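**Student:** Sharing a structure with you now.
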Amino acid sequence: MPQEQELHGGHINAPVLVDGTVRRTPTPRSPYIRRLLDHYAAHRWPGAPRHLGTDARGRETLTFIRGLVPWEYDERVAADDSLTALTRLVRTAHDLTAGHELAGSGEVVCHNDLTYRNTVYHDRSGQLLPTALIDWDLAAPGRRIHDIAHLCWQFLHLGPTCDPHWAAHRIRHVADAYGLPREDRADLVPTVLWWQNRSREGIEQGAASGNPALTDLCRRGVPQHIRAAQEWTTTHSEELSALL
Ligand SMILES: Nc1ncnc2c1ncn2[C@@H]1O[C@H](COP(=O)(O)OP(=O)(O)O)[C@@H](O)[C@H]1O
Ligand SMILES: [Mg+2]
């Protein structure tokens with residue numbers, strides 16, 4: 001019997017490592033996610049895990065991507081080169097799905113959970129450079145700006161510990177590195193607020209209907225933490241948008 005090793009850094013699916021591959025419990029959305037990962041594989045894009053099949057216990061088997069996944073926020077993920085490489089990864093993921101049937105009536109397929117805990121990095125002389133995006137469970141058709149706003153919220157750690165002037169420069173850097181169209185930029189900070197609201201409500205509603213993973217997030221104070229980030233973003237929204 002191969003040994004199963006717990007993988008840290010996730011709160012929802014609790015995947016394990018077996019024989020050098022990742023095993024995840026399937027969800028109703030797994031067939032769509034599998035088609036998406038197969039689409040990236042067909043384009044030889046190395047920025048996402050490969051779907052390898054289903055194991056004897058009915059779990060999905062994915063390639064394990066070697067590198068470093070920060071479980072806790074590490075400010076190096078907001079450094080210039082790191083953010084530039086990240087936005088290029090996201091841009092490629094989006095461009096590969098633009099106009100494809102996987103994107104349905106959306107502009108592209110969005111990852112919808114872009115955060116450092118779902119990003120594999122390489123440590124290059126102390127610099128963290130992203131190489132792949134993992135945890136595609138929430139991927140769905142959407143607008144490019146949805147992922148860019150989520151990315152800004154998470155990788156810049158927008159919230160009470162953040163300097164709004166610094167954050168405004170970083171947001172501009174992300175928008176430029178991605179090539180976000182001028183006409184979309186005014187929507188960026190409102191979309192961060194939309195995500196914060198949606199995420200908090202999703203956790204609270206899921207916990208209220210008995211979902212154990214979301215109940216655990218509530219027990220650890222995550223909704224209050226998101227609410228504080230939301231209040232901070234509202235207070236500073238003008239300054240955060242000023243350079244866009
Ligand atoms: N394909 C993969 N390659 C490398 N590490 C992975 C991979 N899949 C998961 N992990 C590790 O397991 C952790 C939890 O996996 P994730 O898919 O994010 O689950 P959850 O849905 O619980 O957030 C990640 O933060 C990462 O450290
Ligand atoms: Mg995750």
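Heads up, the sequence shown is in UniProt numbering, so the first residue is 1 and it goes up one at a time.
The beta carbon of each residue, even a glycine, is placed where N, CA and C say it ideally should be.
These figures come from a predicted structure and were not determined experimentally.
1) So does D216 have its beta carbon nearer than 7 Å to some heavy atom of ligand 1?
2) Within a Cβ cutoff of 6 Å, which residues of the same chain sit near T63, ignoring the five residues on either side of it in sequence?
3) What does the Cβ neighbour count give for R24, buried or exposed, with the cut at 16 atoms within 10 Å?
4) Answer yes if the stretch 198-210 comes into contact with the stretch 158-165, meaning at least three C-beta pairs across the two stretches below 8 Å, and no otherwise.
5) Could you pull the start and end residues of the beta strand (DSSP E) that L37 belongs to?
6) State yes or no: is the beta carbon of Q3 nearer than 8 Å to at least one beta carbon in chain D?
7) Can you give the beta carbon distance from R185 to A175, rounded, assuming they're within the 8 Å contact cut?
8) By Cβ distance below 6 Å, which residues in the same chain neighbour residue 301 in space, the five residues on each side in sequence not counted?
9) Does any heavy atom of ligand 2 sit closer than 7 Å to the C-beta of R117?
10) Spatial neighbours of Q154 within its chain, please: C-beta separation below 7 Å, excluding the five flanking residues on both sides.
11) Contact check, A78 vs R170 under 8 Å by CB: the rounded distance?
12) Helix or strand or just coil, what does DSSP make of Q3?
13) By the three-class DSSP mapping on this structure, what secondary structure does T27 have?
14) Let's see if you can read the secondary structure: which residues bound the alpha helix (DSSP H) around G206?
15) How far does the beta strand (DSSP E) with R124 in it reach, from first residue to last?
16) With the cut-off set at 8 Å, would you say L68 and L151 are in Cβ contact?
17) For T115, which of helix, strand or coil comes out of DSSP?
18) What does a CB cutoff of less than 7 Å around P2 pick up in its chain, not counting 5 residues either side in sequence?
19) Would you check whether ligand 2 has a heavy atom nearer than 7 Å to the C-beta of D135?
**Tutor:** Reading off the structure:
1) no
2) Cβ neighbours of T63 beyond the five flanking positions: P49, R50.
3) buried
4) no
5) Counting along the chain, L37 falls outside any beta strand (DSSP E), though it belongs to the alpha helix (DSSP H) covering 30-42.
6) Absence of chain D from the displayed structure is noted, only one protein chain being present.
7) 6 Å
8) The requested residue 301 does not occur in the structure, where the chain is confined to residues 1 to 244.
9) yes
10) L114, T115, Y116
11) 6 Å
12) It is coil, neither helix nor strand.
13) coil
14) Start and end: 188-208.
15) First-last of the beta strand (DSSP E) with R124: 119-124.
16) no
17) coil
18) Closer than 7 Å at Cβ, skipping near neighbours: V18, D19.
19) For ligand 2, at least one heavy atom lies less than 7 Å from the Cβ of D135.
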